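Heads up: the protein sequence lines correspond to chains A and F, in order. Its first residue numbered 1, the first sequence is counted upward by one per residue in the numbering used here. Its first residue numbered 1, the second sequence is counted upward by one per residue in the numbering used here. Don't be surprised by glycine CBs; every beta carbon is placed ideally from N, CA and C. Predicted, not measured: the structure shown is a model, and the values here were computed from it. Data first, discussion second: the structure below is written as structure tokens.
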Amino acid sequence: MLLFVLKRLGVMLLTALCLTFVVFWLTNLEPNLEKLAKEQANARMTDEQVESWLEGHGYRRPLLLRYGEWVGGVVQGDLGTSSVFRKPVAEIVGERLGYTGWLMFWVMVVMVPSALLIGVLAGMREGSRTDRTLSTFSIASTATPEYVSGVILVVLFASSRGGLSPIFLERGTLLKGVATSATDSITFENFALPVATMALYGMGYIARMTRASMAEVMTAQYIRTARLKGVSFPSIVIRHALRNALIAPFTVIMLQFPWLLTGVVIVETLFNYKGFGWTLVQAASNNDIELLLSCSIVAVLVVLVTQLISDVGYVWLNPRIRVR
Amino acid sequence: MTDTDDTPILEIDKLSISFFTQGGEIPAVMDFSCTVRPGEALGLVGESGCGKSTVALGVMQDLGRNGRITGGSIRFRGRDLTSLNAAELRRIRGNEIAMIYQEPMASLNPAMKIGRQLMEVPMIHQGASAAEARALALEVVEAVRLPDPERMLRAYPHQLSGGQQQRIVIAMALMSKPSLLILDEPTTALDVTVEAGIVELVKDLGARFGTSMLFISHNLGLVLETCDRLCVMYSGEAVERGSIADVFDRMRHPYTQGLFRSIPLPGADKNARPLVAIPGNFPLPHERPPGCNFGPRCDYFQAGRCDAAPVPMADVPGDDRHETRCLRHDEIDWLAGPVASADTEPVTPGDVVLSVRELRKYYEVAGSAFGTGEARVVKANESVTLEAREAETLAIVGESGCGKSTLAKLLLGLETATAGSITLAGEEIQDIAVEARDRGTVSSIQMVFQNPFDTLNPSHSVGAQIMRVLELFGVGNSTAERRERMLELLDMVKLPRAFASRMPRQLSGGQKQRIGIARAFAGTPKVVVADEPVSALDVSVQAAVTELLTEIQRRNRTTMLFISHDLSIVRYLADRVMVMYLGHVVEIGTTDEVFSPPYHPYTEALLSAVPIADTSVVKKHVVLEGDIPSAMNPPPGCPFQTRCPRKAEVPGDRCETEVPPLRDLGHGHGVKCHLSREVLDGMEPVIRIA
Ligand SMILES: Nc1ncnc2c1ncn2[C@@H]1O[C@H](COP(=O)(O)OP(=O)(O)OP(=O)(O)O)[C@@H](O)[C@H]1O
Ligand code: SF4
Ligand code: SF4
Ligand SMILES: [Mg+2]
Numbered sequence: 001m002l003l004f005v006l007k008r009l010g011v012m013l014l015t016a017l018c019l020t021f022v023v024f025w026l027t028n029l030e031p032n033l034e035k036l037a038k039e040q041a042n043a044r045m046t047d048e049q050v051e052s053w054l055e056g057h058g059y060r061r062p063l064l065l066r067y068g069e070w071v072g073g074v075v076q077g078d079l080g081t082s083s084v085f086r087k088p089v090a091e092i093v094g095e096r097l098g099y100t101g102w103l104m105f106w107v108m109v110v111m112v113p114s115a116l117l118i119g120v121l122a123g124m125r126e127g128s129r130t131d132r133t134l135s136t137f138s139i140a141s142t143a144t145p146e147y148v149s150g151v152i153l154v155v156l157f158a159s160s161r162g163g164l165s166p167i168f169l170e171r172g173t174l175l176k177g178v179a180t181s182a183t184d185s186i187t188f189e190n191f192a193l194p195v196a197t198m199a200l201y202g203m204g205y206i207a208r209m210t211r212a213s214m215a216e217v218m219t220a221q222y223i224r225t226a227r228l229k230g231v232s233f234p235s236i237v238i239r240h241a242l243r244n245a246l247i248a249p250f251t252v253i254m255l256q257f258p259w260l261l262t263g264v265v266i267v268e269t270l271f272n273y274k275g276f277g278w279t280l281v282q283a284a285s286n287n288d289i290e291l292l293l294s295c296s297i298v299a300v301l302v303v304l305v306t307q308l309i310s311d312v313g314y315v316w317l318n319p320r321i322r323v324r
Numbered sequence: 001m002t003d004t005d006d007t008p009i010l011e012i013d014k015l016s017i018s019f020f021t022q023g024g025e026i027p028a029v030m031d032f033s034c035t036v037r038p039g040e041a042l043g044l045v046g047e048s049g050c051g052k053s054t055v056a057l058g059v060m061q062d063l064g065r066n067g068r069i070t071g072g073s074i075r076f077r078g079r080d081l082t083s084l085n086a087a088e089l090r091r092i093r094g095n096e097i098a099m100i101y102q103e104p105m106a107s108l109n110p111a112m113k114i115g116r117q118l119m120e121v122p123m124i125h126q127g128a129s130a131a132e133a134r135a136l137a138l139e140v141v142e143a144v145r146l147p148d149p150e151r152m153l154r155a156y157p158h159q160l161s162g163g164q165q166q167r168i169v170i171a172m173a174l175m176s177k178p179s180l181l182i183l184d185e186p187t188t189a190l191d192v193t194v195e196a197g198i199v200e201l202v203k204d205l206g207a208r209f210g211t212s213m214l215f216i217s218h219n220l221g222l223v224l225e226t227c228d229r230l231c232v233m234y235s236g237e238a239v240e241r242g243s244i245a246d247v248f249d250r251m252r253h254p255y256t257q258g259l260f261r262s263i264p265l266p267g268a269d270k271n272a273r274p275l276v277a278i279p280g281n282f283p284l285p286h287e288r289p290p291g292c293n294f295g296p297r298c299d300y301f302q303a304g305r306c307d308a309a310p311v312p313m314a315d316v317p318g319d320d321r322h323e324t325r326c327l328r329h330d331e332i333d334w335l336a337g338p339v340a341s342a343d344t345e346p347v348t349p350g351d352v353v354l355s356v357r358e359l360r361k362y363y364e365v366a367g368s369a370f371g372t373g374e375a376r377v378v379k380a381n382e383s384v385t386l387e388a389r390e391a392e393t394l395a396i397v398g399e400s401g402c403g404k405s406t407l408a409k410l411l412l413g414l415e416t417a418t419a420g421s422i423t424l425a426g427e428e429i430q431d432i433a434v435e436a437r438d439r440g441t442v443s444s445i446q447m448v449f450q451n452p453f454d455t456l457n458p459s460h461s462v463g464a465q466i467m468r469v470l471e472l473f474g475v476g477n478s479t480a481e482r483r484e485r486m487l488e489l490l491d492m493v494k495l496p497r498a499f500a501s502r503m504p505r506q507l508s509g510g511q512k513q514r515i516g517i518a519r520a521f522a523g524t525p526k527v528v529v530a531d532e533p534v535s536a537l538d539v540s541v542q543a544a545v546t547e548l549l550t551e552i553q554r555r556n557r558t559t560m561l562f563i564s565h566d567l568s569i570v571r572y573l574a575d576r577v578m579v580m581y582l583g584h585v586v587e588i589g590t591t592d593e594v595f596s597p598p599y600h601p602y603t604e605a606l607l608s609a610v611p612i613a614d615t616s617v618v619k620k621h622v623v624l625e626g627d628i629p630s631a632m633n634p635p636p637g638c639p640f641q642t643r644c645p646r647k648a649e650v651p652g653d654r655c656e657t658e659v660p661p662l663r664d665l666g667h668g669h670g671v672k673c674h675l676s677r678e679v680l681d682g683m684e685p686v687i688r689i690a
């Protein structure tokens with residue numbers, strides 16, 4: 001087991017190196033550097049001035065050397081300085097990740113239990129009316145991208161002219177369409193919409209996986225054994241079927257994390273919530289090299305750590321392949 | 001038994017069960033009645049598809065979404081089960097009626113420890129505390145004779161062998177001391193020697209707890225060993241019911257008679273007393289004939305009478321509760337022998353065609369799933385030596401994992417040998433894989449496979465597939481010639497020529513196996529390897545296919561290697577027998593030599609384990625402990641030493657340390673055992689006809 005984890009960590013390191021190198025190379029392409037110089041110093045610089053600025057700030061040294069220096073810095077815990085925010089990258093990434101962490105946390109809290117519940121309820125009696133209703137709902141929710149469902153939700157709950165707000169309230173809206181204030185304190189009002197937007201999209205997918213897996217488990221021989229032992233239907237579902245049925249969706253849930261990162265970019269921009277996704281957009285549009293590099297590392301970490309968790313969890317749930 | 005309360009435990013009366021599918025109603029069980037009294041074991045026998053399991057599930061009221069009881073009643077201790085609500089049913093299931101079915105691995109929850117699965121039963125039904133339930137579980141696991149009960153309770157199902165899993169399933173059924181136990185083919189997935197242990201266990205437990213049993217099986221021998229009464233089913237109906245003695249020795253239904261004539265009993269002999277197959281095929285539920293279901297296959301059929309109206313059950317006068325569903329049961333001369341096909345002369349074997357010397361096959365297998373651990377070696381065949389002559393049938397017998405199939409693969413060139421030699425008609429072929437073999441070699445050694453379903457290409461007509469084989473073997477110069485030969489082959493396997501244009505899915509199992517035989521014999525092979533050729537077929541079809549195979553073999557003077565785990569059929573058709581265990585040949589000799597003492601201790605146990613459907617047979621009782629060791633991790637010394645009941649008769653620790661040599665006891669009868677000549681000579685026959 002340990003060896004397996006170590007191998008995975010090695011792969012992770014290698015991937016991080018490759019990816020950051022690509023990002024490094026892209027951000028150091030000539031037009032990007034020029035843009036950076038003009039932004040940092042003076043927008044109306046001549047070509048010579050740009051050249052000497054770049055020379056002066058060390059951007060003209062060999063690419064590999066500079067990449068090496070950056071890696072060296074990272075190893076010592078120095079992620080560099082953001083050219084947009086003019087603050088240490090570590091500080092920004094830490095702070096923004098914290099905000100995004102809260103968003104993710106609430107998305108997971110809402111999404112996972114409701115998706116599993118929907119999947120289990122739909123799958124335990126395949127073909128029943130409950131199944132058909134819930135399945136239609138989950139298909140609809142996965143088929144709607146965040147920027148569509150987000151807008152619909154905003155119109156429904158956060159518009160003072162249309163949607164539901166005028167029906168219930170004299171003035172103002174039921175929920176807030178902007179989540180900027182949530183970085184200070186999270187309230188239901190300012191956070192419900194971004195969370196719901198993200199959760200809806202992921203939920204349908206997990207629910208359908210759970211349903212398929214649950215339906216299959218419910219036809220297994222050992223479920224019949226349990227039924228013929230006199231186990232009641234709720235206990236059959238909870239004690240005999242659930243664990244076996246969760247093996248497949250568990251992997252999917254874990255693989256949802258990386259997907260959440262892209263969702264985060266859209267939703268944070270849409271609701272102007274200044275988390276990691278929003279920062280990434282800022283960094284990319286301003287060619288903030290060192291911030292972008294750190295963001296890439298974070299992305300790789302998230303993808304690979306969740307994969308590791310999903311593998312380990314799969315093994316744990318499924319005793320048949322448990323490593324001795 | 002002084003039972004004052006003689007309400008039957010189970011009383012099924014005129015039960016009809018149908019499944020409703022898109023294609024319409026399928027009546028799976030019709031007008032089925034039977035009774036199980038307290039402490040009684042009732043056997044339910046019939047071919048696959050006749051409705052045995054449907055009856056069992058009907059009793060459990062677990063017919064699934066599309067199954068429904070359409071008539072009749074099922075009374076359990078006087079209460080009609082069909083009228084119970086869900087809660088009442090739950091109180092009965094697993095508490096008063098328990099059920100065990102075929103696949104032990106599939107019936108246990110893979111993600112739940114054995115202990116929890118067992119403890120659940122008393123916790124649901126008796127409201128026992130976890131500690132009480134655990135104590136009871138320990139007790140019951142001990143009762144089903146599993147080693148180290150504590151460890152068993154902590155194990156997951158996949159950590160146990162098939163035999164151990166089935167014992168756990170039985171333990172689970174016994175946790176609440178049910179008054180009725182339904183066993184649906186409980187041993188079909190197990191090896192014979194393991195099966196024997198389970199059967200003994202079930203009988204003991206039945207006697208100890210006074211449990212009534214409904215024992216479902218397609219194996220008449222097994223029913224004879226376990227049951228008091230018997231009910232024979234055919235195509236959804238009970239056709240004969242009675243005590244074991246009545247039904248076995250004074251059967252009053254032509255189908256029962258046909259069944260007994262088509263299974264190889266000790267007296268049968270391929271030359272003097274050949275098997276008599278039941279003609280035709282089993283009717284599908286929606287194609288049943290009018291009147292008697294068995295009519296189209298019955299020798300005593302009378303038009304206008306047997307096909308006029310549904311046949312009711314009738315009492316056989318003089319016997320105890322013996323009934324039959326035959327209109328002519330009192331007219332038929334039941335003592336008359338079968339209209340025997342003419343006796344055939346025994347064939348005299350010719351020269352040696354195939355000779356195998358010191359053949360070994362080792363497989364390297366990777367360690368664990370995650371690629372850690374060093375590769376291990378599976379010794380699938382250890383030093384196999386044999387000779388087979390022209391027109392001779394050599395049977396290879398053994399249980400799963402003994403290396404039978406590996407040997408077949410080596411002969412066919414599907415694998416190449418690790419060491420040793422295979423000589424076919426003077427040519428060494430052990431190192432030539434099948435792709436590298438020339439046409440002559442490929443067509444001169446052919447195989448009939450166990451599963452006729454897997455070996456035919458579903459998208460080509462049967463005729464085209466045979467012609468393709470002929471082309472590969474270089475038979476015939478033109479398509480017309482090959483077509484002619486293909487039609488001859490169809491004649492040879494007794495299929496109508498019109499079948500040439502049929503697709504495989506339009507054939508029954510027996511018909512597919514005939515096509516398999518036709519393909520194997522297409523290039524007039526010298527040697528045919530038949531790997532369990534009939535074990536996937538229904539009992540009544542098995543005899544016909546076996547007969548066909550031996551007849552073609554006899555006519556072509558082909559050498560046949562007949563691989564089987566079924567000793568009855570081996571005794572019936574083999575000239576010589578080779579017994580294998582864990583990759584070793586433990587005994588080899590003529591059929592008579594192997595089936596009579598002196599035996600190798602494993603052969604002795606195997607013979608005792610095989611159920612024989614003959615009330616006059618008395619068997620010596622040898623039941624082996626434990627399971628077959630894994631070929632990945634064979635014991636040191638004699639391969640059989642972990643289970644051998646005669647190990648104590650060998651002085652010292654030779655059995656544990658030294659692999660015994662294959663000793664020749666005379667005339668080429670070899671036995672791989674350390675037992676002394678005196679002990680061997682003192683052995684008694686296992687099977688005696690009283
Ligand atoms: N390709 C393979 N790789 C690894 N091990 C194998 C392979 N084929 C067979 N074995 C092992 O070799 C041993 C003998 O196998 P074989 O298939 O010959 O048994 P068998 O007697 O035919 O069993 P059964 O009656 O169940 O078919 C078994 O332990 C099996 O697991
Ligand atoms: S009723 Fe007629 S067809 Fe049916 S088994 Fe009896 S004799 Fe045969
Ligand atoms: S050698 Fe020993 S262990 Fe092996 S079969 Fe003979 S008596 Fe049994
Ligand atoms: Mg095999």
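In the displayed model, F/S179 falls within coil according to three-state DSSP, outside both helix and strand. With a 10 Å radius around the Cβ and a threshold of 16 neighbouring Cβ atoms, F/H125 comes out buried.
Spanning the alpha carbons of F/L561 and F/R576 requires a straight line of approximately 10 angstroms.
Nearest to F/Q450 by C-alpha distance, out of F/G403, F/A464, F/P533, F/E387, is F/P533. Minimum Cα-Cα distance from F/A518 among the listed residues F/R91, F/T188, F/K361, F/T455 corresponds to F/T455.
DSSP places A/A199 in the uninterrupted alpha helix (DSSP H) bounded by 188 to 218. Rounded to the nearest whole angstrom, the C-alpha separation of A/E146 and F/P629 is 58 angstroms.
Nearest to F/M123 by C-alpha distance, out of F/H158, F/M172, F/A143, is F/M172. Within a 10 Å sphere around the beta-carbon of F/W334 sit fewer than 16 other beta-carbons, which makes this residue exposed. For F/S107, the C-beta contacts it makes with chain A under 8 angstroms involve Q221, Y222, R224, T225, in order along the chain.
Closest by C-alpha distance to F/G398, out of F/Y156, F/P147, F/E604, is F/E604.
Across the structure, A/A226 and F/K14 are spaced so that their CA atoms are roughly 29 angstroms apart. The three-state secondary structure of F/V577, taken from DSSP, is strand. The C-alpha of A/V264 lies about 25 angstroms from the C-alpha of A/V11. Where F/Y602 is concerned, the enclosing alpha helix (DSSP H) starts and stops at 601 to 609. Listed in chain order, the alpha helix (DSSP H) elements of length 4 or more contained wholly in the region 202 to 266 of chain F are 220 to 226, 244 to 249, 254 to 262. Where F/V534 is concerned, there is no enclosing beta strand (DSSP E), because DSSP gives it neither an H nor an E. Nearest in C-alpha terms to F/K512, of all of F/V529, F/A544, F/E481, F/P525, is F/A544. In this structure, the beta-carbon distance from F/H584 to F/E387 does not fall below 7 angstroms.
Under the DSSP definition of a beta bridge, A/G68 lacks any partner. Listed by position along chain A, the residues whose Cβ is nearer than 7 angstroms to that of F/E120 are K229, V231. Between ligand 3 and the CB of F/L675, the shortest heavy atom gap is smaller than 6 angstroms.
When beta bridges are read from the DSSP output, A/P88 appears opposite A/T81.
Any Cβ of chain F closer than 7 angstroms to the Cβ of A/R243 would place that residue at the interface, and such an atom is present. Annotated three-state conformation of F/L411 is helix, per DSSP. Between F/N95 and chain A, the shortest Cβ-Cβ separation is below 7 angstroms.
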